[in-house]
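Structure record follows, encoded as structure tokens.
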Amino acid sequence: MNRFIQRWAVFAGLVVVWELLTWLADDTFFPRPTEIATAAHALWLSGPVEDLFLTETVFEHVLPSIARLLGGWAIAAVIGVALGIALGRSSAAMQFAGPLLTFMRSIPPPTLVPVFLLLFTAGTQMQLATIVFGVLWPILLNSIDGARSVDATKFDTSAVFRIPKPQWVLGVVLPAASPKIFAGLRVSLSLALVLMVVSELVGTDNGIGSQLLLAQRSFEFPDMWAGIILLGFLGYAFNTVLLSFETRALAWQPRQERTPATVEEKA
């Protein structure tokens, strides 16, 4: 409880300092937090009571963005974990797939937005493709590393007891690899938020990213900053929920093994 109070006291102090500095600077491009809060209230929290005070902007722009973010992240998680476990347990497959994975992960996802615009319909399909391609690699690489790290003793024991392959993958490999898989999921969730915004800057007229661009072009800087703050809040909220789920899911493991370095951090 004390940590919680201290953490938010520091945050409140920073907001006060921000308010004072922007008040002294009196710069149109950097509005005061109170102005940003007023803009945020008008944009998202001034709706009717029956809609829980949520405005149409929330339903037309914020919720679709969240759906794309979580949808793309979930698709990448399923593909990354399944493919990563398969490749991690097959040395021969990794010899063939390794160079291709290295090549593909080196391509910045935003540079493929024009390609996805050609391959998919402008809008949700293109946005999902951008998010999935960008967030797949941390999950895939960490899943491969986790599958490789399974203790050889567990492998030998399962062979002696003739445990069926599906049961062995789900009951031995997946639990052993889960700490590194969760590390990849955390990294990819942050990337998904970034790529959601990037994908909404092109070929769409709804979403948080498109609203940020519209506010910037209309010189509505309080609205623009409100959108930026909203993105930070969403990132913090999603990460907190994922960490809470990870803590519960990995409660059976020693604490020092729950947050290993990701493949990206090792490189």
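As numbered in the numbering used here, residues 823 to 1089 make up the sequence shown, in order. Note that CB positions come from ideal geometry on N, CA and C, so glycine has one too.
message: Beta-carbon within less than 8 Å of phenylalanine 919's beta-carbon, same chain only, minus the 5 sequence neighbours each way: which residues are those?
response: Residue 919 sits at position 97 when you count from the first residue of the sequence shown. Residue identity differs from the one stated: residue 919 is alanine in this sequence, not phenylalanine. Here alanine 919 has Leu909 as same chain residues with Cβ atoms under 8 Å from its own Cβ, once five neighbours each way along the sequence are excluded.
task: Please report how far the alpha carbon of alanine 1037 lies from the alpha carbon of threonine 943, in whole angstroms.
output: The sequence position of residue 1037 within the sequence shown is 215, counting from 1. The sequence position of residue 943 within the sequence shown is 121, counting from 1. Approximately 25 Å between the Cα atoms of the pair.
- request: Locate the alpha helix (DSSP H) running through threonine 1069, then write down its first and last residues.
  value: Working through the sequence shown from its first residue, we reach residue 1069 at position 247. Unbroken alpha helix (DSSP H) run through threonine 1069: 1043-1071.
- request: Just list the alpha helix (DSSP H) runs in the region 918-942, keeping only unbroken ones of 4 residues or longer that don't cross its boundaries, in chain order.
  value: Fully enclosed alpha helix (DSSP H) runs of 4 or longer: 935-941.
query: What separation, rounded to the nearest whole angstrom, lies between the Cα atoms of proline 932 and serine 1021?
result: Start at 1 with the first residue of the sequence shown, and residue 932 comes out as number 110. Start at 1 with the first residue of the sequence shown, and residue 1021 comes out as number 199. For proline 932 and serine 1021, the gap between their C-alpha atoms comes out near 8 Å.
task: Verify whether the separation of the beta carbon atoms of proline 960 and valine 1024 is less than 7 Å.
output: Within the sequence shown, numbered from 1, the residue matching residue 960 stands at position 138. Within the sequence shown, numbered from 1, the residue matching residue 1024 stands at position 202. The answer is no: Cβ separation not under 7 Å.
- prompt: Got a sec, what are the start and stop residues for the alpha helix (DSSP H) histidine 883 sits in?
  reply: As a position in the sequence shown, residue 883 is number 61, starting the count at 1. Per DSSP, histidine 883 belongs to no alpha helix (DSSP H) and is neither H nor E.
query: Short check: CB of threonine 877 to CB of tryptophan 895, under 7 Å?
result: Taking the sequence shown and counting its residues from 1, one reaches residue 877 at position 55. Taking the sequence shown and counting its residues from 1, one reaches residue 895 at position 73. Taking 7 Å as the Cβ cut-off, threonine 877 and tryptophan 895 do not qualify as a contacting pair.
field: Local Cβ density within 10 Å of glutamate 872, reported as buried at 16 or more and exposed below that
entry: Along the sequence shown, read from residue 1 onward, the residue named residue 872 stands at position 50. So glutamate 872 ends up on the exposed side.
message: Going by DSSP in three states, asparagine 1028 sits in which element: helix, strand or coil?
response: To locate residue 1028, count along the sequence shown from 1; it is residue 206. DSSP places asparagine 1028 in coil when its eight states are reduced to three.
message: Assuming the contact rule is C-beta atoms closer than 8 Å, valine 1016 and valine 995 should be a hit. Round their C-beta distance to whole Å, please.
response: The sequence position of residue 1016 within the sequence shown is 194, counting from 1. The sequence position of residue 995 within the sequence shown is 173, counting from 1. Their Cβ separation, rounded to whole angstroms, is 31 Å, which puts valine 1016 and valine 995 out of contact at 8 Å.
- prompt: Do tryptophan 895 and the ligand NAD come close, with the Cβ less than 6 Å from some heavy atom?
  reply: In the structure on display, the ligand NAD does not appear, and there are no ligands present to speak of.
- prompt: Does the count of Cβ pairs from the region 1062-1072 and the region 885-899 closer than 8 Å reach three?
  reply: The region 1062-1072 is not in contact with the region 885-899.
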